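K.L.:
Could you have a look at this structure, given as structure tokens, before my questions?
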Amino acid sequence: MGDARLHELQTALTTASDLASALRAAPTRRDADQLVDVLRQALTAASSLGDRTTGPTGCALHPNGAVDPLHGDPEDPLPPGYGKCLLCNDRRRRADAHHPHVRPYARPRPRPHPDWHRRLSA
Ligand SMILES: [Zn+2]
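First residue of the sequence shown: 57, per the numbering used here; consecutive thereafter.
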């Protein structure tokens, strides 16, 4: 199935290239539409090629692994360099844990009581 997509992409690109080479000095609207159609096919085929390598994690090693639940969490953001892949992030956490000065990841800070300011002025 991946081969079919690849073949579709190659065919579309070859056709686009042929069409472009055949264009004369003043291409018509029809020439342009034809070229756009073929290029769009190539684009669609090219985008679907990545489906196998980038799953939900966007990780090339674990495309269908678990997504780190902390990814995209505004309360407890992942450290820089961490991705969406839970397996890779766990590995990074373990590696970071060997360096005592680097915290594996930020812990949620205790929040002040919502009306602390009122209590101060009272
Ligand atoms: Zn990974």
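Ideal placement from N, C-alpha and C gives every residue a C-beta, glycine not left out.
Source: prediction; values computed, not measured.
In three-state DSSP terms, what is Cys144?
P.N.:
Cys144 falls in the helix class under three-state DSSP.
K.L.:
For the alpha helix (DSSP H) that contains Leu79, what are its first and last residues?
P.N.:
Looking at the DSSP string, Leu79 is not in any alpha helix (DSSP H), and its letter there is neither H nor E.
K.L.:
Would you call the stretch 113–131 and the stretch 141–152 in contact, with 3 or more CB pairs under 8 Å?
P.N.:
Flag = yes, the stretch 113–131 and the stretch 141–152 touch.
K.L.:
Closer than 5 Å from C-beta to any heavy atom of ligand 1: which residues, in chain order?
P.N.:
Selection output, chain order preserved: Cys115, Leu117, His118, Cys141, Leu143 and Cys144.
K.L.:
Going by beta carbon distance, what residues of the same chain come within less than 8 Å of Ala102, once the five residues before and after it are set aside?
P.N.:
If we look at Ala102 and ignore the five residues flanking it on each side, its Cβ neighbours are Leu65.
K.L.:
If you drop the 5 nearest sequence neighbours on each side, which residues of the same chain put their C-beta closer than 6 Å to that of His118?
P.N.:
Once the five neighbours on either side are set aside, the close Cβ partners of His118 are Cys141 and Leu143.
K.L.:
Excluding five sequence neighbours on each side, which residues of the same chain lie with their C-beta closer than 8 Å to the C-beta of Leu134?
P.N.:
The residues are Asp124, Leu126, His127, Asn145 and Tyr161.
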